[in-house]
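Here is the structure we will look at.
In our numbering, the protein residues as written are 9 to 687.
Here you go:
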């Protein structure tokens, strides 16, 4: 089991320390809180910290002085320091970075942002510690072997390995190691040797050659240039990944080249040559050296990956904040228009339309985030059934046209009857995402084409447009989640950048594929989804439920501690002619239910006093309220959340935001139950 690392929180305010501790609790690490810079320095004298969260404004010794003293200790000169402050002062921020800060957060901060940033540094610390421990263990083992074999011929080789281990341990952070490594083993094993790093290791390719002073120069070559036969062997190794050996018949020179490879491929090659004959013991030692050098290159790759993931998370959080503020800004402005009380009926209706439309946009963003989380973690449950793909595509197009999301574009649609066995809702989601994506990147008046047909054993969904096209650089990464870049489509045009990623994941879950093609920028694009075709008779898709009229008057109890949400629900129900009571806490909800005996109770789960789950338990335990129809209202909609509400007695589970269609459905169910009870 992985041991928790120390996260040091330094703040003179107990409340602020508690806030930080609460935000980081889910990381499962050991959070050490101290109230002053002196206490922080005392702790660091005896303990290590993966990351330090340091308040700027503290009495006696402020954050800048504390950071300066921390950096003076060699053991802590690279420990990440994140400054926390309530002042967004650029001068102060610059001073913080000058004394060694890696980040600067303004309070109050978003817990998720703090947790993400700290989590990255914790992961980096753990990775470094693991590599360091393994390297130290190898060094210790090698030293022990050298001590036991000091009297034998292998002692010199073991000492070289120890020194090489030290060189490679120091090189984990990315510092050059080639020359120092070659200088250690060339006198022992070769007349000359070299290390070639390929560009696939994430940095520009490089070549370093070292010639022993006693080896002489047999051909008049310039220093740093390998013999031709060894250069050929190294090139072969970089291509094949196999060990190559050479022998020059005239001079009796033996050469050997080995790959430096890891999980992601070949990072480079180690080549050497000598007039001596390489024994099995020599070859074993050379392979060990190559293996350890490859381990360093692999560790560097992992370190860069962690840094890249951290960068992507930061950029995504910034982008998410921007995308959420757009609809929130429109909703706020519309609400202010309504609050004036002097707007005309037309303007009131327009403001209401803006609020409804932007609320739907927010809800869709949250649904997309939850969906990509479910899909990428394999928690999607497919309901597979046979259906006509052409018929589904027609319904999808009809729904998109009715919603206005294809307005301003010419949509050409043709579908042949094609049977598939897949999930209807997920297939509809694939078609919708592709059409909406095409509309987003096609100028008004542009043409979008949807074609559904059969090709052999496959059902084809082809969406084409004459929009802005896709660059060759972006095409290979188009279906990745949260990929950032100046050329990334979803970043340039807004949105969360996960629609196409969902298309690929959903297609793969149903045994299909998706690919994108484009001649280049300004020349349009084509997306093709292939699903396994089912040879069977057509099965009609069930018609969508027709809108129902609102049912007759019911007694409804609304339970929500959010005043705005409670008021809007009450207003909707009042206008629909229902008798409405409300409650703001768990105890009040139970009391109101017992006195008003409602037909229906809409219960928020996060309540003061006790939560909505406990409300349901108590209502079901009381004979007077046992028959009330109970619906949970919550922002959590995972299968496990629905299971929990069902277990305590809820009849249904509504994921916020609650729409008028959902309310109408619930009211209709309740009215039917009331009518049945009275008959």
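Positions of the beta carbon are idealized from the N, C-alpha and C atoms, including for glycine.
Measuring only the C-alpha atoms, how far is residue i from residue j?
i           : j           : result
residue 17  : residue 127 : 14 Å
residue 401 : residue 395 : 11 Å
residue 337 : residue 116 : 21 Å
residue 423 : residue 436 : 14 Å
residue 378 : residue 642 : 14 Å
residue 183 : residue 173 : 14 Å
residue 315 : residue 14  : 20 Å
residue 571 : residue 651 : 28 Å
residue 340 : residue 427 : 47 Å
residue 1   : residue 529 : What the structure shows of the chain is the stretch from 9 to 687, and residue 1 is not part of that stretch, so it cannot be assessed.
residue 118 : residue 275 : 40 Å
residue 348 : residue 675 : 33 Å
residue 101 : residue 329 : 22 Å
residue 185 : residue 175 : 7 Å
residue 141 : residue 312 : 20 Å
residue 685 : residue 416 : 51 Å
residue 591 : residue 36  : 37 Å
residue 273 : residue 205 : 12 Å
residue 405 : residue 459 : 11 Å
residue 452 : residue 443 : 14 Å
residue 168 : residue 150 : 9 Å
residue 193 : residue 216 : 14 Å
residue 222 : residue 53  : Interpretation of residue 222 is limited by its pLDDT of 40, a score under 50 that renders its predicted location unreliable; the figure taken from the coordinates is listed afterwards. Distance between the alpha carbons of residue 222 and residue 53: 49 Å.
residue 673 : residue 680 : 11 Å
residue 574 : residue 630 : 25 Å
Identify, in the order they occur along the chain, each residue of the same chain with its Cβ nearer than 6 Å to the Cβ of residue i, setting aside the five sequence neighbours on each side.
i           : result
residue 595 : 617
residue 318 : 128
residue 626 : 598
residue 391 : 431
residue 457 : 420, 472
residue 266 : 251, 278, 298
Residue i by DSSP, collapsed to three states: which one?
i           : result
residue 112 : strand
residue 682 : helix
residue 593 : coil
residue 251 : coil
residue 391 : coil
residue 612 : strand
residue 275 : strand
residue 421 : strand
residue 231 : Because residue 231 sits at a pLDDT of 48, beneath the cut-off of 50, its placement in the model cannot be relied upon, and the point is left open.
residue 18  : strand
residue 541 : strand
residue 561 : coil
residue 450 : coil
residue 475 : coil
residue 414 : coil
residue 299 : helix
residue 658 : coil
residue 426 : coil
residue 664 : coil
residue 524 : strand
residue 44  : coil
Among residues of its own chain, excluding the 5 on either side of residue i, which ones have a beta-carbon nearer than 8 Å to its beta-carbon?
i           : result
residue 409 : 419
residue 48  : 16, 18, 42, 60, 62, 74, 78
residue 375 : none
residue 351 : 345, 359
residue 38  : 12, 13, 14, 15
residue 464 : 541
residue 105 : 112
Please return the same chain residues whose Cβ sits closer than 7 Å to the Cβ of residue i, not counting the five positions on each side in sequence.
i           : result
residue 682 : 562, 607
residue 514 : 383, 434, 437, 438
residue 368 : none
residue 593 : 569, 615, 616, 617
residue 131 : 314
Any beta-carbon of chain B closer than 9 Å to the one on residue i?
i           : result
residue 632 : As a matter of chain content, chain B is missing from the structure shown, which is built from one protein chain.
Would you check if there are 3 or more beta carbon pairs closer than 8 Å linking the region 597 to 617 to the region 625 to 642?
-> yes
Taking one C-beta from the region 557 to 576 and one from the region 505 to 524 each time, how about it: are there three or more such pairs within less than 8 Å?
-> no
Please confirm if the region 520 to 534 is in contact with the region 568 to 579, defined as three or more CB-CB distances below 8 Å between the two stretches.
-> no
Does the region 86 to 98 touch the region 64 to 76, meaning 3 or more C-beta pairs lie closer than 8 Å?
-> yes
Could I get the ranges of all uninterrupted beta strand (DSSP E) runs contained in the region 338 to 390, with 3 residues as the minimum, in chain order?
-> Correct list: empty.
Hey, is the region 649 to 659 in contact with the region 351 to 359, meaning 3+ C-beta pairs nearer than 8 Å?
-> In this structure the region 649 to 659 does not touch the region 351 to 359; the number of beta carbon pairs closer than 8 Å is below three.
Going along the chain, which unbroken runs of the alpha helix (DSSP H) with 4 or more residues stay wholly within the region 64 to 142?
-> 71 to 80, 98 to 106
The region 261 to 269 in contact with the region 277 to 285 per 3-pair CB rule at 8 Å = yes
Does the region 141 to 153 come close enough to the region 105 to 113 to have 3 or more Cβ pairs within less than 8 Å?
-> The region 141 to 153 makes no contact with the region 105 to 113, as fewer than three CB pairs between them are under 8 Å.
At which residue ranges does the region 613 to 656 contain complete beta strand (DSSP E) runs of 3 or more residues, listed in the order of the chain?
-> The region 613 to 656 contains these whole beta strand (DSSP E) runs: 637 to 642.
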